[in-house]
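Undergrad: Here it is, the structure, as structure tokens.
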Amino acid sequence: MTRDEVIRALRTVLPELGDRYGVESLGVFGSVARGDAGAASDVDVLIAFRKGVRYTMMTLTDVKDRLESVIDRRVDLVTDHDGLRPRFRAAVSRDLIRVA
């Protein structure tokens, strides 16, 4: 799946994730965002929940499973509240393509 196809797929599933889990936005970073992903590359996704939404590991697992079913690739899911280390946050920000 190309970067544009991944972004379209995420845009398509975002309303469902918003209604069901309180997801506010998704973003793609890493090799897919840079356009240099290989056939076996995973998709790195940054997820943000609506203010006040409490989520659990089960929520994250459900969202990850849904994204993998739509994209048909392994997904690495990172929340924007993970307390990302500055170096990692900078790398994410550099590549990040906000889906919505």
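Take -18 as the starting number for the sequence shown in the working numbering and just add one per residue.
For every residue, glycine included, the Cβ atom is placed at its ideal position computed from N, Cα and C.
Is it buried or exposed, Gly11, if we count other Cβ atoms within 10 angstroms and call 16 or more buried?
TA: buried
Undergrad: Which residues does DSSP list as the beta-bridge partners of Val56?
TA: Val24
Undergrad: Please return the same chain residues whose Cβ sits closer than 6 Å to the Cβ of Asp57, not counting the five positions on each side in sequence.
TA: Asp23 and Asp25
Undergrad: With a threshold of 6 Å on Cβ separation, who are the neighbours of Leu(-9) within its own chain once the five nearest residues in sequence on each side are excluded?
TA: Leu7 and Val80
Undergrad: Relative to the ligand NAP, is the shortest distance from any of its heavy atoms to the C-beta of Lys45 smaller than 8 Å?
TA: Summarising the ligand content, the structure contains no ligands, and the ligand NAP is consequently not present.
Undergrad: Check whether chain B comes within 9 Å of Ile78, counting only Cβ atoms and requiring the distance to be less than that.
TA: The chain inventory of the structure shown lacks chain B, comprising one protein chain alone.
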